Amino acid sequence: MTSTTTWRYRGDVAARAVAAIGGGYVLTSIVIALLALALPLPRADAVTIATLLSFVVYTCVILWVFATRSAARAWVGVAACSAVLGALLWAWQGGAGSVA
Amino acid sequence: MKDGLRQSMAWVHTWAGLLVCWLLLLVFMGGSAAYYKHEITFWMKPELHKAADAPSTVTPAAAATLAVRELQQLAPKANAWFLDLPHERNPLIYASWTNPPKKGMTREERRAAFRTQNVTLDPMTGEKTAAPRDTRGGEFLYRLHFDLYYMSAIWGRWIVGVAAMFMLVAIVSGVITHKRIFKDFFTFRPRKGQRSWLDAHNVTAVLALPFHLMITYTGLVTLMFMYMPSPTKALYGAEQNTMFAEVFPNAERVKPAKQFAPLADIAPMLLQAERAWGQAPTRIVLTHPNDASARIVLHRPAGQQLSNIEPTMTFDGASGALLSGPKPMSATLDARGAIYGLHVAHFADALLRALFFVCGLAGTAMVATGALLWGVKERQKYAKVVAKGGRVGFGVRLVDALNIGAIAGLPIAFAAYFWANRLLPVEMASRSNAEANCFFIAWGIAAVLAQIRPTRGMWRIQLTAGAVLFAGLPLLNALTTATHLGVTLFGGPGLRPVAAFDIVVLLLGALLGWAAWWLGKPKKAAAARQPARASTARDDAVIDPKPMEAA
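Chains A and B, in that order, give the protein sequences.
If you read the first sequence in our numbering, its first letter stands for residue 6, the second for the next number, and so on.
If you read the second sequence in our numbering, its first letter stands for residue 127, the second for the next number, and so on.
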């Protein structure tokens, strides 16, 4: 509409929005699942605390994605964190599966 | 993106807020009304007013005894009975029951059957009151604020959840971007166009900021296990029901013994609970009445704790003996109950409840002023274009129209719902649905008219319509019932909710009327002060109604 809204700018916004909403949701889900597993509490308490904190984690991820220098950085950050923590979660649950 | 943390947060604040603001207005208005859902329901069932007018002198134990006697007549073979005894917000006994499900009954049919299986009882006699009209009352507004309507509840909850998450992000980014949050709280510069809208937005947002943050977060928490299922998956796998059973401790489920046993007298149980709690229970659930394994669960009334999960006492229905209740909750589960409890505010007494309601309205005002501010700011970019006889962009026009349809149109919808309650024929088939349809028809008309002509005149027309409809409600009530303000103000405490409803809608009508009048005032003051700026808030609500192409 105005001169500042170039296609480049729009692409940047779209990339960040997807990283924040979709990537942020995935990363949040992984972080709180790990937290639930790690908390040394009865599982009803652990699941409650982890789920209660989910919205705080999600909010922080979303704000970071929009605050960081570039959309590429945002994507790399969200994807790298998700990959590392997701692998950890997968390993942890694989271990838990063999016990159960 | 923009440079600097504050700039990028301002960007996030603007867009996260703008994208969902019209839905948030519905959620905030519906949620604010839901704090008074019992009172609204009572106002919408004028058939009950007469029974409530008689001062109730019976004790809770006597009322429960009468109610049980009546339910023995109405539904002796039910699965469960539910009783709500009179308390300060509810002058009558509400009784309902569930029957054993018949084979092949769909969930919808069971729900429809359950809707017919409830009665209102006169606490003095235990007998049924006059049958109230078919209306969902305040329950409709309460459900609307998180289930929406015309769609499955699950879809509604996800949509509202996404909007709430946007809101949470908008609030936090709004705080970060706001470097003078304390100073701005005391700043209001009226009649200065954009500055005034910004100040109004800041005042309504900052004044009730703890409330906005709390209500948004706790709202997400009410449905958190649905929105964020990954911890449940990690710890419980596919056994979600096991998690619910552990996190939400219910009274244990008992199977019926299929052996007749008369119910023990309920009055001593209530007295025992009253001695233990210092307050008589107001909610009673009886499962398998007249069976050897009958259970009677008494709930402590709200008001002594934040958590919405109140302690209970369970009695053996046949012997009348006190059984051990559910084991006490852990601190974590209690904390979750308190966070949930903060949202629904069952604990709030009259004054605190009024404060929650006012804060909810402040939230509505925050969202509304924020939405208006976007339009005002955005239009400044077109100041030169407009000065040369050009037109503002498509986005500005769309936001203007949506603002009118939501900010001025929604009050019309709420008022239309209450008007429909009094004007639709009492015997009409599926009347409660028709009332809800009236809400959306009125809103739809307002929204469409706003899209056709998003002008300052349209603002005034719709605000005036909302004002007349709201302020006219006490008059409508007087014309269609015997419990008008002249009666309810001087009647017994049972009619106070009716009087309060009439007074509050009158005030809301006055507020809308003031807004309409303010918009219509001659605008010379603002124009004189800022001659250079073509687009201040008040001058510029008028834009070309003709469609314009996006530049």
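Even glycine gets a Cβ: it sits at the ideal position worked out from N, Cα and C.
Nothing here was measured: the structure is a model prediction, and the numbers come from that model.
Annotation: His-304 of chain B is outside any beta strand (DSSP E) and is labelled neither H nor E by DSSP. Around the beta carbon of Arg-401 of chain B, fewer than 16 other beta carbons lie within 10 angstroms, which makes this residue exposed. In this chain, Thr-330 of chain B is not harboured by any beta strand (DSSP E); it is covered by the alpha helix (DSSP H) spanning 320 to 333.
Using a Cβ-Cβ cut-off of 8 Å, Pro-47 of chain A counts as an interface residue toward chain B, since at least one Cβ of chain B sits closer than that to its own. In this chain, the beta strand (DSSP E) harbouring Asp-210 of chain B covers 206 to 210. Here DSSP, grouped into helix, strand and coil, assigns Tyr-161 of chain B to coil. As a beta-bridge residue in DSSP terms, Asp-442 of chain B pairs with B:Arg-421. When C-beta distances to chain A are compared with 8 Å, the residues of the region 261 to 293 of chain B below that value are Met-291, in chain order. In this model, Arg-233 of chain B and Phe-240 of chain B are separated by some 10 Å (Cα to Cα). Residues of the region 344 to 359 of chain B with a C-beta less than 9 Å from any C-beta of chain A: Leu-346, Val-347, Met-350, Phe-351, Tyr-353, Met-354, Pro-355, Ser-356, Pro-357, Thr-358, Lys-359, listed in chain order. Ala-96 of chain A sits exposed, since fewer than 16 C-beta atoms from the chains shown fall within 10 Å of its C-beta. For Asp-475 of chain B, the number of other beta carbons within 10 angstroms of its own is below 16, and it is reported as exposed.
Here the alpha carbons of Ile-37 of chain A and Gly-28 of chain A stand approximately 14 Å from one another.
Following the DSSP letters along the chain, one finds Ser-222 of chain B in no alpha helix (DSSP H) but inside the beta strand (DSSP E) bounded by residues 219 to 224.
Rounded to whole angstroms, the Cβ separation of Trp-207 of chain B and Pro-375 of chain B is 22 Å, and the two are not in contact under 8 Å. With its beta carbon less than 8 Å from one in chain A, Thr-458 of chain B belongs to the interface. Check the Cα spacing between Ala-257 of chain B and each of B:Val-552, B:Tyr-275, B:Trp-585, B:Leu-131: the tightest is with B:Val-552. Taking a C-beta distance under 8 Å as the contact criterion, Cys-147 of chain B and Ala-576 of chain B do not qualify as a contact pair. Pro-217 of chain B and Val-194 of chain B have their C-alpha atoms spaced approximately 18 Å apart. For the pair Ala-642 of chain B and Arg-586 of chain B, the CB atoms are nearer than the 8 Å cut-off. The residues Phe-482, in chain order, have a CB closer than 6 Å to that of Ala-471 of chain B in the same chain once the five nearest residues on each side in sequence are set aside. Under the 10 Å beta carbon count, Phe-596 of chain B is surrounded by 16 or more other beta carbons and is classified as buried.
Under the Cβ distance rule, Ser-87 of chain A does not count among the residues neighbouring chain B, no pair being separated by less than 8 Å. Counting along the chain, no alpha helix (DSSP H) covers Thr-185 of chain B, and no H or E run does either. Within the model, the alpha-carbon separation for Thr-64 of chain A versus Gln-133 of chain B is close to 17 Å. Bounds of the alpha helix (DSSP H) holding Thr-53 of chain A are 48 to 72. DSSP places Ile-410 of chain B outside any alpha helix (DSSP H); the residue lies instead in the beta strand (DSSP E), whose first and last residues are 409 to 413. Annotated three-state conformation of Phe-266 of chain B is helix, per DSSP.
The criterion of a C-beta distance shorter than 8 Å is satisfied by Phe-60 of chain A and Leu-294 of chain B. Here the C-alpha atom of Ala-387 of chain B lies approximately 5 Å from the C-alpha atom of Asp-417 of chain B. Glu-561 of chain B and His-338 of chain B have their C-alpha atoms spaced approximately 30 Å apart.
Here the alpha carbon of Leu-468 of chain B sits roughly 12 Å from the alpha carbon of Leu-346 of chain B. Contact note: Glu-365 of chain B does not reach chain A at a C-beta cutoff of 8 Å; the least C-beta distance is about 11 Å. When 9 Å is used as the limit between beta carbons, Val-52 of chain A is near these residues of chain B: Phe-351, Pro-357, Thr-358, Ala-360, Leu-361, Tyr-362, Met-369, Glu-372, Val-373, in chain order. The Cβ atoms of Leu-32 of chain A and Val-83 of chain A sit closer than 8 Å to each other. Counting only Cβ-Cβ distances below 7 Å, Ala-41 of chain A has contacts in chain B at Pro-357, Ala-360, Leu-361, in chain order.
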